[in-house]
Structure formats: structure tokens, C-alpha cells
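Okay, so here's the structure we're looking at.
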């Protein structure tokens, strides 16, 4: 049976066609803020026979995308290593998904490839993005690869290694004073619902655009294929905003979509449990999940809905994630949960990973710190198949790693 046509859909159930660029709904939230969009459900995902084995990138799963893209912007993203290593004192082994093997050294290349391929097909010629680093680098890279112009808004505190890369790709970089949330607010304020400047510059946000999630969902397909067409027991994801876990809930939402499609297609018998990790200094997703579950982890949190304070995990300092409600739903649907980790634990995990041969930025090391906490609490077991997603390289966060080591640059 032919699947029904896919549309954008908002939280009120209003649908919008996919044939024109759009990043939010016509309706606003009760507080006047933009309302995010998702895609209407499809009838299942794809089977292993539909993987295009001739393609060595995430586009091998293109049969799962709701729209056909005649000319994708691809640089070989996806197909990253899954490294099995002993980790911690529990006696078990962990599968580490090394996402810094993507072209710009972060998982966000997955979303950027699919999102910008669609936007170029829709006639967009210039995009704007707000980012603390990795998302901006990915959008700048794939924009130039696809012949598009790019403007990136970034917090003034962003690691120079990330903003230099954006400029090298040819993007215009605007540094915004204040927190990561202030940069996101500035970008939203700068754009109308369907772009600005009469549509000449489109807000191609990795946090807002639904097709970014179509790219990040390929992580689920890839883990399934990496593990011999089986689902893992647990997936632990570093989380900041909401697409795939910073790393955001884009990680969580992407895995929820991808594993949900595989379940509907009959390729797996159950979803893996998804766990999101956030720094204690800024953990709105964890707070919301625990409150909605009627539980508390007993850890103190900043006032005013986890207003961000200084954290070594610079990419996770998002006080108001775009898809907070949907992310909590995804965690509950999987039977997983949320873990808040202290600064000391993030720093220790960064060094522990490095001394295991995995040099990552502190933002994603929080997922490894969460693994220790989940193991200690008995929430997961050493014998289970657990994947810890490592979303970005430590090379981009040299000042933060130097801070952990007490080394002056």
C-alpha cells in the first residue's frame, strides 16, 4: 500500500505542504513564541532490502525520507565508527558511536546534509543559522558545498576553532553577546515565519527545521545496521536543545523517529531505551521529564527554569529547548530517562575518554558521565548492549579541555 503524503504538522494538528520552505507554524504558542513543526506519521520505515548498499553515506537510507531529493548535498556524512571498549569499573563494555568522523567533526552534518538538500531543492539560496559552534560549522560547510550563502549567529564565547571553520567555509559570522539562549532568541527575532528579506535569506535552524531530524534519525538506522540489524538495549545521548542531542534533543528526537520507523517496518521487535544526559548547570529537559514523571533526583537546579549558568559543556547551555514536550514523550515512549551530571563528572569523563583513545569535547562527554550514573543506580546492566553517542571532537574545544587539564594556551 502506498504511504499517505507527508506534511508539516504543528501542535494544534494544522498541516502545511512540504513544497515551500517553512520552519515554524502560523500559530504561536500561548506566550507568543513560535510553535515548532514536526512531520505527519508515515506508514512504517524501510527494511534492510531497501538500503542502497552502493552509497557510503547516510543517503544509503534515502528510501526512508519523506521526499525524494534528486541532487543531495553530500560529503560522505554518516557511516561513522562504532567502537566497542571496556569502560568504567562495572566490568562491561560500551559501544561508542564516534560522530566526529563526519566531515565537520560532529553529528550535525547528518541533519545539515538532509535539511540543506531539501531547501536548495525548494529554491533557497541563502540560509541563516544560530549555533554555539558545531551546528554553525555544519550548515556553513554544507551550504558552501551546495552553492548556498550562509550567515551564522554564534555566542561571543564560542570556541575560536569553531568560528574560524565557519569563516573558512565562507560564511558571514555574527557574534552575539550573552548566553547561547540569547543567540537563539536573536536569530528567531531576526526572522519571519517563512524567512526574511522577502525569502532571500531563510532561517535554516538545526533546532527548528523538521528535516534536520530526518538527517539525525539515520543514526538509528546506522546503529541497527552496525549491530547486525538489531536494536541496542540502551542509547545514551548528550543533550542540549532538542534535535539530536549542543547536541540537543535532535539526538533524542532523531533516534525516536528512526527506531520508531524500524519498529513499524517489523525490522526490530522493540525500541531501545533512550537516555538523555544534561549538565546540572542547565538541565531543563531532565527537570521537565522528572517532574512529569512525579519524581526528583534530589539534585539542586538553578532558579527560573534552569536559566543557564557557566558549564564546561558549552554546547548544551540551552535553557528553553524547542521541542521539550516532544522530547520528554520520546524518552517515556522508549522506557528510558534523563540524567543530570555535575561539572566534575563531565570533566572526569572527558579525561577518561581521552585516556581510552577517544578525544571528545566536554559537551558530549556528559553522555559517558551519565553511563556511570546509570550503571551505579542499576538502571542499566553491564551485560546489556549500550551505545554512548559521542557527538564532537575535542579538537574543537581545546580551550575547554585545557581548562580541565589546568594548562595555559
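Residue numbers (the UniProt record's numbering): 1 to 409. Glycine included, every Cβ here is placed at the ideal spot set by N, Cα and C. This one's a predicted model, so the numbers in the text were calculated from it and none came from an experiment.
- Non-local beta-carbon contacts of residue 145 in its own chain, meaning distances under 7 Å to residues more than five positions away in sequence, involve 73 and 75 in chain order.
- DSSP links residue 278 through a beta bridge to 340.
- Taken in chain order, the unbroken stretches of alpha helix (DSSP H) that lie wholly in the region 62-144 and span 4 residues or more are 108-121.
- Between residue 339 and residue 370, the gap from beta carbon to beta carbon is short of 8 Å.
- Per DSSP, residue 58 lies in no beta strand (DSSP E) and is assigned neither H nor E.
- Along the region 154-238, the alpha helix (DSSP H) occurs as fully enclosed runs of 4 or more residues at 160-168, 180-189, 210-216 and 218-226, listed in sequence order.
- Remark: C-beta atoms of residue 141 and residue 396 do not approach each other more closely than 8 Å.
- Between residue 312 and residue 400, the CB-CB gap stays under 8 Å.
- Residue 375 carries a helical assignment under DSSP once its states are collapsed to helix, strand and coil.
- Beta-bridge pairing by DSSP links residue 273 to 234.
- A buried status is given to residue 361, since no fewer than 16 other beta-carbon atoms sit within 10 Å of its beta-carbon.
- Per DSSP, residue 287 is not a residue of any beta strand (DSSP E); the alpha helix (DSSP H) it occupies stretches across 284-292.
- At a Cβ-Cβ threshold of 8 Å, residue 331 and residue 389 do not count as neighbours.
- It is roughly 23 Å from the alpha-carbon of residue 174 to the alpha-carbon of residue 107.
- Residue 236 is positioned such that its CB atom lies closer than 8 Å to that of residue 367.
- Looking from the CA of residue 171, the closest CA among 128, 38 and 47 belongs to 128.
- Residue 275 and residue 337 have their C-alpha atoms roughly 5 Å apart.
- When the beta-carbon positions are compared, residue 394 and residue 359 come within less than 8 Å of each other.
- Classified as buried, residue 281 has 16 or more neighbouring CB atoms from the shown chains inside 10 Å of its CB.
- With respect to the 8 Å criterion, residue 385 and residue 233 are classified as neighbours on the basis of their beta carbons.
- Beta-bridge analysis with DSSP links residue 152 to 129 and 173.
- The region 3-18 makes no contact with the region 218-226; the number of CB pairs closer than 8 Å stays below 3.
- Contact between residue 265 and residue 78 is ruled out by a C-beta separation of about 19 Å, above the 8 Å threshold.
- In the three-state reduction of the DSSP assignment, residue 330 falls in the helix class.
- The C-alpha of residue 32 lies about 21 Å from the C-alpha of residue 288.
- Contact between the region 16-29 and the region 199-218 is present, with at least three C-beta pairs closer than 8 Å.
- Comparing alpha-carbon positions, the option among 134, 327 and 63 lying closest to residue 100 turns out to be 134.
- Exposure of residue 229 is indicated by the presence of fewer than 16 other C-beta atoms within 10 angstroms of its C-beta.
- The residue from 182, 286, 333 and 50 with its alpha-carbon nearest to that of residue 342 is 286.
- Residue 180 sits away from residue 160, with the two beta carbons spaced by 8 Å or more.
- Residue environment for residue 19: exposed (fewer than 16 other C-beta atoms within 10 angstroms of its C-beta).
- The residue from 268, 231 and 96 with its alpha-carbon nearest to that of residue 357 is 96.
- Ranked by Cα distance from residue 17, the first of 36, 30 and 40 is 40.
- Of all alpha-carbon atoms in 57, 38 and 61, the one lying nearest the alpha-carbon of residue 49 is that of 61.
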